[in-house]
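K.L.:
Encoded as structure tokens, here's the structure I'll be asking about.
In my numbering, the protein residues as written are 26 to 373.
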């Protein structure tokens, strides 16, 4: 009797979940035109980090037209927003990114990220509304759509985190587009950890001089930058393959006949964890300090934002993969995967 009761209850619960999923799909399909339109508006108007004014206004206008209460310019950021529906219970958040890259626009597909998060938010909200209308009572639980600007290099979610946007959040979801070649035989990946990332800049100060008339009077800051760059290249041989060090000379002088008095580099360190990245940073610093000593320059290292390593929730990844399979779109869900050598502020 007890076993039969629990089997019946389990079957009923599974059927109810399937019904909810079907209702969410129907709600999203019903807004297909609006979702495609917002995708096209974002894609056709690429805006760099913290400058996504059109995207912010287009998305918030759309949400308000559908009856949602929206807070524009949220968390002290001009191009962030937040919308929420429901009451009590647990909080599930969807992050919407919409910043572009310089020169190549939405090559990273943030227009699609925004559209997918908006779709998920609208779909779940519509089901919550229907349940309330049909039963006369609210289902405990809230969904939150957070407009998160400036993911590309600026760490736009970091000030949003500091503002408390996620303090009451139980789960936060976001999907990211990618080429099919990343997951042969699958349409995507449900479990994809990413690397921690430290960002910093280094500036060398020397002394300018005429490169032809009196080069001996100068202290060449570009020499220090080149020595540091080469030193890091040699260091890579002794670093684990899971680490990444990227540097670019952002300032190297004005004219060939002037000894550069200032030079600068922008650098990233990526590692499987913040702890490992911090340890590697100390070795990289030695390269920069040694170069300053060799060239006779002074050095200033300025840390920028840090992205923590992203460790997806395994239970959520498993459920996501199951639901994608039900939609006829198989995604990989390898819970032992070490992920990809990229980084995101989603993991902060």
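All C-beta atoms in this analysis are idealised placements derived from N, C-alpha and C, irrespective of residue type, glycine included.
What does the alpha-carbon distance come out to for the pair residue 332 and residue 242?
P.N.:
Taking the straight line joining both Cα atoms gives about 42 Å.
K.L.:
Rounded to whole angstroms, how far is the Cβ of residue 116 from the Cβ of residue 52, which I believe are closer than 8 Å?
P.N.:
Residue 116 to residue 52, Cβ: 20 Å. No contact.
K.L.:
If you follow the alpha helix (DSSP H) that residue 88 is part of, which residue opens it and which one closes it?
P.N.:
Residues 78 to 90.
K.L.:
What are the start and end residues of each continuous alpha helix (DSSP H) run of 4 or more residues lying completely inside the stretch 105 to 177, in chain order?
P.N.:
135 to 160
K.L.:
Starting from residue 271 and walking both ways along the beta strand (DSSP E), at which residues does that stretch end?
P.N.:
269 to 276
K.L.:
Give me the Cβ distance between residue 368 and residue 219, rounded to the nearest whole Å; I'm assuming they're in contact under 8 Å.
P.N.:
5 Å
K.L.:
Can we say the stretch 214 to 231 touches the stretch 326 to 345, given the rule of at least three CB pairs closer than 8 Å?
P.N.:
At 8 Å Cβ cutoff, the stretches touch.
K.L.:
Can you check whether the CB of residue 169 is closer than 8 Å to the CB of residue 105?
P.N.:
No.
K.L.:
What is the rounded straight-line gap between the Cα of residue 61 and the Cα of residue 167?
P.N.:
25 Å
K.L.:
Could you tell me the alpha carbon to alpha carbon distance between residue 239 and residue 317, rounded to whole angstroms?
P.N.:
Within the model, the alpha-carbon separation for residue 239 versus residue 317 is close to 21 Å.
K.L.:
Near residue 159, which residues of its chain fall below 7 Å by C-beta distance, leaving aside the five closest residues on each side in sequence?
P.N.:
none
K.L.:
Who pairs with residue 295 in a beta bridge, going by DSSP?
P.N.:
Note: residue 295 is bridge-paired with 222 and 269 in the DSSP secondary-structure output.
K.L.:
Suppose contacts are defined by Cβ-Cβ distances below 8 Å. Is residue 310 in contact with residue 326 by that definition?
P.N.:
yes
K.L.:
Can you find at least 3 beta carbon pairs, one from the stretch 175 to 188 and one from the stretch 354 to 372, that sit closer than 8 Å?
P.N.:
yes
K.L.:
Candidates 341, 324, 66 and 319: which alpha carbon is nearest residue 80's?
P.N.:
66
K.L.:
Using the Cβ count rule (16 or more neighbours within 10 Å means buried), how would you classify residue 16?
P.N.:
Residue numbering for the chain in the displayed model covers 26 to 373; residue 16 lies beyond these limits and cannot be assessed.
K.L.:
So what's residue 343 in DSSP terms, helix, strand or just coil?
P.N.:
helix
K.L.:
Residue range of the beta strand (DSSP E) that residue 198 falls in?
P.N.:
Residue range 196 to 198 is occupied by the beta strand (DSSP E) that includes residue 198.
K.L.:
Apart from the five residues on each side of it in sequence, which residues of its chain come closer than 6 Å, Cβ to Cβ, to residue 364?
P.N.:
217, 218 and 219
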